[in-house]
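Undergrad: Would you mind keeping the following structure in view while I ask a few things?
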């Protein structure tokens, strides 16, 4: 038994190197893309921002049906009408993902009126852009309930049927702030870190479930009204992402069944640096980039 354990310990780094090299080689080869023509896609927070562009991009890529969830009927209706005019069947339902009972109720309505959801996109999010001491308790709770707990309810509502069908995909629009927090958005950073842990655990838990996968998208600051007023010290070096680009790359990652997507790719370097750099160096980087002051004019959106 000791010899067997010793052999396993010796082979483990060799296996890890093999899988790293294999994954790197496969990433250079063109992969077969998932066909969306039979997919029924539900997008939370689908009325505006990245959610709206996601709906349009999925429709453009041939989705069979698109379903929008959100809290503002005007935005949902406008987006649904635009997508319907493009030739894709689109439905919208008012639903606050922070409300567990409402999520479960609306999920039943969706199944009855539209059919089984095969791609769930957890995109809904809020942020109020205040320090911890300036934040009221209700706002802090709301950001955690929408950004993190909402994923529990939506995934529990739709994943079981995906597992039965052995066909489905769960997508999360996260943020690079889940791995590299900034001051002034403590509610958002905390909730997104929880959301990332949720997706990492779910992705691993579905490894033995044929036909069902996950994609987590971690974009840099995106130019939407949600983060209106946020300023970056060096916008030429770190330009905000366009929501339509995030949507395009997300749909492409889903079709390629990619588990994690960093936008832009340079965010990989940020995560790697953070894993070994001393805290004092990270603090200096924050000061240099201006993240301590970039939230001064940011108000957030609840």
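In the numbering used here, the protein residues as written are 6 to 307. Beta carbons are placed, not taken as given, at the ideal position from N, Cα and C, and that holds for glycine.
#1: How should residue 225 be labelled, buried or exposed, when 16 other C-beta atoms within 10 angstroms of its C-beta is the threshold for buried?
#2: Compare the beta carbon distance of residue 50 and residue 60 with 8 Å and say whether it is the shorter of the two.
#3: According to DSSP, what are the bridge partners of residue 152?
#4: Would you mind working out which of 262, 109, 65 sits nearest residue 94, comparing C-alpha positions?
#5: Check residue 158 in the structure and name its three-state DSSP category.
#6: At which residue ranges does the stretch 82–123 contain complete alpha helix (DSSP H) runs of 4 or more residues, listed in the order of the chain?
#7: Specify the secondary structure class of residue 195 as computed by DSSP and reduced to three states.
#8: Three-state secondary structure (DSSP) at residue 273?
#9: Exposed or buried, which one is residue 273 when buried takes at least 16 other CB atoms within 10 Å?
#10: Which partner residues does residue 133 have in the DSSP bridge list?
#11: If I follow the unbroken alpha helix (DSSP H) through residue 59, where does it start and stop?
#12: Is it true that the CB of residue 252 sits closer than 8 Å to the CB of residue 62?
#13: For residue 219, which of helix, strand or coil comes out of DSSP?
#14: Considering just the uninterrupted stretch of the beta strand (DSSP E) at residue 229, what are its terminal residues?
#15: Would you kindly check if the distance between the Cβ of residue 72 and the Cβ of residue 46 is under 8 Å?
#16: Just list the residues that DSSP pairs residue 175 with in beta bridges.
#17: Can you grab the Cα-Cα spacing for the pair residue 209 / residue 92, in whole Å?
#18: Where do the ends of the beta strand (DSSP E) carrying residue 49 lie?
#19: Based on Cα-Cα distance, which residue from 211, 117, 41, 162 lies nearest to residue 102?
#20: Can the beta-carbon of residue 148 be found closer than 8 Å to that of residue 176?
#21: Could you work out which residue in 69, 18, 56 is closest to residue 42 when comparing CA atoms only?
#22: Give me the Cα-Cα distance between residue 178 and residue 116, rounded to the nearest whole angstrom.
#23: Taking all protein chains shown into account, do 16 or more other C-beta atoms lie within 10 angstroms of the C-beta of residue 248, making it buried, or fewer, making it exposed?
#24: Closest by CA to residue 201, which one among 264, 250, 172, 146?
#25: Hey, residue 125 and residue 160: beta-carbon distance below 8 Å or not?
#26: Can you tell me the Cβ-Cβ gap for residue 215 and residue 227, rounded? I've got them flagged as a contact below 8 Å.
TA: This is what the structure holds:
#1: Here residue 225 corresponds to residue number 220 of the chain shown, with the count starting at 1. Answer is buried; the Cβ neighbour count reaches 16.
#2: Numbered from its first residue, the chain shown carries residue 50 at position 45. Numbered from its first residue, the chain shown carries residue 60 at position 55. Not a contact, by the Cβ cut-off of 8 Å.
#3: Counted from its first residue, the chain shown places residue 152 at position 147. By DSSP's assignment, residue 152 forms no beta bridge with any residue.
#4: Within the chain shown, the letter at position 89 stands for residue 94. Put simply, of 262, 109, 65 the residue whose alpha carbon is nearest the alpha carbon of residue 94 is 65.
#5: As a position in the chain shown, residue 158 is number 153, starting the count at 1. DSSP places residue 158 in helix when its eight states are reduced to three.
#6: 105–118
#7: Locating residue 195 in the chain shown gives position 190, where the first residue counts as 1. Three-state result, residue 195: helix.
#8: By one-based count along the chain shown, residue 273 stands at place 268. Three-state result, residue 273: helix.
#9: By one-based count along the chain shown, residue 273 stands at place 268. Result: exposed.
#10: Along the chain shown, one-based indexing puts residue 133 at 128. Residue 133 pairs with nothing; no bridge assigned.
#11: In the chain shown, residue 59 corresponds to position 54, counting from 1. Unbroken alpha helix (DSSP H) run through residue 59: 54–65.
#12: Stepping through the chain shown from its first residue, residue 62 is reached at position 57. Stepping through the chain shown from its first residue, residue 252 is reached at position 247. Taking 8 Å as the Cβ cut-off, residue 62 and residue 252 qualify as a contacting pair.
#13: To locate residue 219, count along the chain shown from 1; it is residue 214. Three-state result, residue 219: strand.
#14: As a working mapping, residue 229 is identified with position 224 in the chain shown. Neither: residue 229 is in no beta strand (DSSP E) and is coded neither H nor E.
#15: Mapped onto the chain shown, residue 46 falls at position 41. Mapped onto the chain shown, residue 72 falls at position 67. Contact flag set, yes.
#16: As a first step, residue 175 must be located in the chain shown, where it is residue number 170. Its beta-bridge partners are 125, 219.
#17: For the purposes of this step, residue 209 is identified with residue 204 of the chain shown, where counting begins at 1. For the purposes of this step, residue 92 is identified with residue 87 of the chain shown, where counting begins at 1. Cα to Cα, residue 209 sits roughly 37 Å from residue 92.
#18: Here residue 49 corresponds to residue number 44 of the chain shown, with the count starting at 1. Run containing residue 49: 45–49, per the beta strand (DSSP E) assignment.
#19: Counting from 1 along the chain shown, the entry for residue 102 is found at position 97. Of 211, 117, 41, 162, the residue nearest in Cα terms is 162.
#20: Locating residue 148 in the chain shown gives position 143, counting from the first residue. Locating residue 176 in the chain shown gives position 171, counting from the first residue. Contact: no.
#21: In the chain shown, counting from the first residue as 1, residue 42 sits at position 37. Taking only the C-alpha atoms, the option nearest residue 42 is 69.
#22: Counting from 1 along the chain shown, the entry for residue 178 is found at position 173. Counting from 1 along the chain shown, the entry for residue 116 is found at position 111. Computed Cα separation, rounded: 23 Å.
#23: Sequence index remark: in the chain shown, residue 248 carries index 243 (1-based). For residue 248, the number of other beta carbons within 10 angstroms of its own is at least 16, and it is reported as buried.
#24: For this step, residue 201 is matched to residue 196 along the chain shown. Minimum Cα distance to residue 201 is reached at 264.
#25: For the purposes of this step, residue 125 is taken as the residue at position 120 of the chain shown. For the purposes of this step, residue 160 is taken as the residue at position 155 of the chain shown. Taking 8 Å as the Cβ cut-off, residue 125 and residue 160 qualify as a contacting pair.
#26: In the chain shown, the residue the question calls residue 215 occupies position 210. In the chain shown, the residue the question calls residue 227 occupies position 222. Contact doesn't hold; Cβ gap of about 34 Å is too wide.
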